[in-house]
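Engineer:
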């Protein structure tokens, strides 16, 4: 009996040690709606696209529009079990008669989208997660560009200090991503999401964070350890986002 249990333990341990790391892939897609077509684009997603994505094995994570949306953008996040699964899902989606009918009907008076941007992501080892909320929140998408060779130092600062300080000052850590290796500036980019109660809460949180002596100490020490500036000049981009009414996460 003991021998059988020992053999079972070895087999299970070997399987765990040889298991492949998660291949889960995220895709951040930005649609530039044509003038006057954003409402129609929302209607197509609400009535057709979201459910068809699910039908074809894609996971709808969240859908947003920028709070200041002068460019008529729809920004959304999908996830897939792997990059290969992503290709299969999109092939099935694009050839689906229901999608083709919805696309044709929605574009009878002109195309809704002028341009689509797409970037592929994977979660960092310190990523939190998108979690539901009972009330609608204000989201913040932040993109950091590091100097060459500095991304591991930035990751360490977030892993060991920054996320805890965000939480201390009332911000909710959501997912943190690095770009897949074949993406532009993959070795220099961290993209992540925060959630705030509202704009006033966001301002209060950031003011408190930036003035925190602990943050100032951490920032200085991390650059001392790195041997120079971690971020390039102008290397922080932030966009405040509001969830659409059909977004799974609000």
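In mature numbering (1 follows the signal peptide of the UniProt record, and there is no 0), the protein residues as written are -19 to -1, 1 to 231. A virtual CB, placed ideally from N, CA and C, is assigned to each residue, including glycine.
Under the three-state reduction of DSSP, which class applies to residue 13: helix, strand or coil?
Structural biologist: strand
Engineer: If you scan the region 71 to 127 from start to end, which runs of the beta strand (DSSP E) of 3 or more residues do you find wholly inside it?
Structural biologist: 94 to 104, 119 to 127
Engineer: Can you tell me which of 8, 32, 185, 188 puts its alpha carbon nearest to the alpha carbon of residue 83?
Structural biologist: 32
Engineer: Pull up the distance between the alpha-carbon of residue 71 and that of residue 86, whole angstroms please.
Structural biologist: 20 Å
Engineer: Below 8 Å between beta carbons: does that hold for residue 117 and residue 231?
Structural biologist: In this structure, residue 231 lies closer than 8 Å to residue 117 by Cβ.
Engineer: With DSSP run on the structure shown, which of helix, strand or coil describes residue 30?
Structural biologist: For residue 30, the three-state secondary structure derived from DSSP is helix.
Engineer: Given a cut-off of 8 Å, decide if residue 13 and residue 73 are closer than it, judged by their beta-carbon atoms.
Structural biologist: No, they are not a contact pair.
Engineer: Locate the beta strand (DSSP E) running through residue 213, then write down its first and last residues.
Structural biologist: 212 to 224
Engineer: Anyone know if the C-beta pair for residue 120 and residue 157 falls short of 8 Å?
Structural biologist: no
Engineer: Using beta-carbon positions only, say whether residue 175 and residue 139 come within less than 8 Å of one another.
Structural biologist: With respect to the 8 Å criterion, residue 175 and residue 139 are not classified as neighbours on the basis of their beta carbons.
Engineer: With respect to the beta strand (DSSP E) encompassing residue 235, which residues constitute its N-terminal and C-terminal limits?
Structural biologist: Outside the displayed span of the chain (-19 to 231) sits residue 235, for which this structure offers no information.
Engineer: Look at the alpha carbon of residue 167 and the alpha carbon of residue 161, and state the distance between them as a whole number of angstroms.
Structural biologist: 6 Å
Engineer: Measuring alpha carbon to alpha carbon, tell me which of 133, 194, 21, 127 ends up nearest residue 150.
Structural biologist: 194
Engineer: For residue 200, report the span of its alpha helix (DSSP H) as first-last.
Structural biologist: 194 to 207
Engineer: Does the Cβ of residue 39 have 16 or more other Cβ atoms within 10 Å, making it buried, or fewer, making it exposed?
Structural biologist: buried
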